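One structure is given here, and the rest of the page talks about it.
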Amino acid sequence: MQITADVKYVGVNDRKLDLFEGQYVVPNGMAYNSYVLLDEKIAVFDTVDAKFRDEWLQNVKTALNGKQPDYLVVQHMEPDHSANIFAFTKRYPDCVIVASSKAFVMMKNYFGTDFADKQLTVGEGATLSLGKHELTFYTAPMVHWPEVIVTYDKTDKILFSADGFGKFGATDTDEDWACEARRYYFGIVGKYGAQVQALLKKLSVCDIEIICPLHGPILKDNLSYYLGLYNIWSSYGVESEGVVIAYTSVYGHTKAAVEKLAEALRANGCEKVVINDLARCDMAEAVEDAFRYGKIVLATTTYNADIFPFMRNFIHHLTERNFQNKTVGFIENGSWAPMATKVMRTMLENCKNLQYTEATVKILSSMTEENEAQIAALAKELC
Ligand code: FEO
Numbered sequence: 091m092q093i094t095a096d097v098k099y100v101g102v103n104d105r106k107l108d109l110f111e112g113q114y115v116v117p118n119g120m121a122y123n124s125y126v127l128l129d130e131k132i133a134v135f136d137t138v139d140a141k142f143r144d145e146w147l148q149n150v151k152t153a154l155n156g157k158q159p160d161y162l163v164v165q166h167m168e169p170d171h172s173a174n175i176f177a178f179t180k181r182y183p184d185c186v187i188v189a190s191s192k193a194f195v196m197m198k199n200y201f202g203t204d205f206a207d208k209q210l211t212v213g214e215g216a217t218l219s220l221g222k223h224e225l226t227f228y229t230a231p232m233v234h235w236p237e238v239i240v241t242y243d244k245t246d247k248i249l250f251s252a253d254g255f256g257k258f259g260a261t262d263t264d265e266d267w268a269c270e271a272r273r274y275y276f277g278i279v280g281k282y283g284a285q286v287q288a289l290l291k292k293l294s295v296c297d298i299e300i301i302c303p304l305h306g307p308i309l310k311d312n313l314s315y316y317l318g319l320y321n322i323w324s325s326y327g328v329e330s331e332g333v334v335i336a337y338t339s340v341y342g343h344t345k346a347a348v349e350k351l352a353e354a355l356r357a358n359g360c361e362k363v364v365i366n367d368l369a370r371c372d373m374a375e376a377v378e379d380a381f382r383y384g385k386i387v388l389a390t391t392t393y394n395a396d397i398f399p400f401m402r403n404f405i406h407h408l409t410e411r412n413f414q415n416k417t418v419g420f421i422e423n424g425s426w427a428p429m430a431t432k433v434m435r436t437m438l439e440n441c442k443n444l445q446y447t448e449a450t451v452k453i454l455s456s457m458t459e460e461n462e463a464q465i466a467a468l469a470k471e472l473c
């Protein structure tokens with residue numbers, strides 16, 4: 091696929107993957123993107139997952155059309171992009187590897203060699219001229235690993251953005267960008283909002299017309315939409331108005347309270363209410379929703395003098411990703427010693443800027459009239 095006159099897509103689609111990075115379901119597969127920039131000198135951007143070595147090498151060969159590459163730019167060392175560096179150097183032994191110093195240390199760890207005879211180490215702001223095209227490298231630590239660099243080509247105004255602006259799903263999938271990009275973002279770099287903000291600030295000097303990420307589609311139109319979402323996500327802002335209810339229920343009593351709350355929220359004019367049953371939904375989807383909306387209600391049972399395991403796991407996902415800037419309400423259930431609200435609040439105590447509702451709901455097995463009044467009060471407060 092031709093991206094500009096000089097840049098070609100040579101990536102691959104993975105339609106057989108069960109779990110991306112060992113944990114994320116990808117019903118529409120995954121793309122491992124790679125690019126070739128043909129100028130007086132030729133640069134290849136990143137390799138692909140190990141399973142696609144032969145397909146990728148063939149794509150590169152076709153794009154090169156008999157020419158030899160001069161540079162392999164390694165922006166990120168996670169194996170979904172770096173697995174074929176060694177195979178590439180065997181095929182093209184004269185090619186120089188362009189990467190950060192940290193990336194070369196990782197190469198030694200992965201491949202037993204840091205390719206000392208073919209290294210070109212680039213740091214913040216380093217440039218590399220390919221002829222007509224001049225590349226500028228920016229460090230992007232923790233977006234998604236510490237060694238990451240991104241590359242700006244000022245001739246074609248392309249940002250090669252590494253994992254940034256990526257999404258789940260193969261490139262031939264016709265689906266909403268934001269939904270799977272958000273799930274990907276919060277799953278993978280949600281913890282590192284400050285680092286993403288720092289990168290966005292650095293890139294604000296670049297006139298970007300095309301974003302070439304390492305996953306998902308190449309972004310060409312309406313770039314302010316994608317950049318705007320990245321700004322909201324990385325600053326932990328509220329993207330959409332609405333209330334998320336995340337819950338677990340053992341015998342259906344907590345679920346009944348959740349349904350009652352959803353009904354009351356709608357009756358109070360809250361148009362968007364999202365309900366996630368944490369034992370059954372995709373946890374990454376529930377995490378994404380928690381960051382997307384400004385208000386969340388956590389509803390769970392007391393369990394082993396603690397809380398139900400799916401809720402514990404969910405809250406851990408939130409806190410390890412720097413969950414902040416939200417309004418939080420609680421529904422707890424416990425048949426003899428309810429303590430779920432206390433446990434949940436303790437788990438959230440180090441989160442910045444959380445506001446707790448005054449109304450809380452305490453159920454002692456099944457809902458009572460008093461609980462219904464508590465739920466009504468909680469709905470009113472949230473709306
Ligand atoms: Fe797509 Fe962090 O690797």
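91 is the number of the first residue of the sequence shown in this note's numbering; add one for each residue after it.
Backbone N, C-alpha and C define an ideal beta-carbon position, used for all residues, glycine too.
The model shown is predicted, which means the values in this text are computed figures rather than measured ones.
Environment of the ligand FEO, chain-ordered: 166, 168, 170, 171, 234, 235, 253, 256, 278, 304, 305, taking every residue with Cβ within less than 7 Å of a heavy atom. Residue range 383-393 is occupied by the beta strand (DSSP E) that includes residue 393.
For residue 209, the enclosing beta strand (DSSP E) begins and ends at 209-211.
The beta carbon of residue 91 sits closer than 7 Å to the beta carbons of 98, 99 from its chain, once the five residues preceding and following it are set aside; these are given in chain order. Taking the Cα of residue 192 as reference, the smallest distance to any Cα among 212, 143, 243 is reached at 212. In the three-state reduction of the DSSP assignment, residue 339 falls in the coil class, being assigned neither a helical nor a strand state. The beta carbons of residue 138 and residue 162 sit no closer together than 7 Å. At a Cβ-Cβ threshold of 7 Å, residue 121 and residue 260 count as neighbours. Here residue 190 is buried: its Cβ has 16 or more other Cβ atoms, across all protein chains shown, within 10 Å. For residue 382, the closest C-alpha among the options 322, 282, 469, 394 is that of 322. Leaving aside the five residues that flank residue 265 on each side, the residues in its chain whose CB is nearer than 8 Å to its CB run, in chain order, 118, 259. As the crow flies, the alpha-carbon of residue 473 is around 15 Å from that of residue 420. The Cβ-Cβ distance between residue 390 and residue 338 falls below 7 Å. Between the stretch 195-204 and the stretch 136-153 there are fewer than three C-beta pairs closer than 8 Å, too few to call the two in contact.
Remark: three or more beta-carbon pairs, one from each stretch, lie closer than 8 Å, so the stretch 273-288 and the stretch 309-325 are flagged as touching. In its chain, beyond the 5 residues on either side, 389, 421, 423, 451, 453, 457, 461, 465 have a beta carbon closer than 8 Å to the beta carbon of residue 347. Cα atoms of residue 366 and residue 96: separation of roughly 46 Å, rounded to the nearest angstrom. The three-state reading of DSSP puts residue 176 in helix, counting H, G and I together.
Taken atom to atom, the span from the alpha-carbon of residue 101 to that of residue 242 is near 19 Å. Assignment of alpha helix (DSSP H) within the stretch 229-302, counting only whole runs of 4 or more residues, yields 267-278, 283-293 in chain order.
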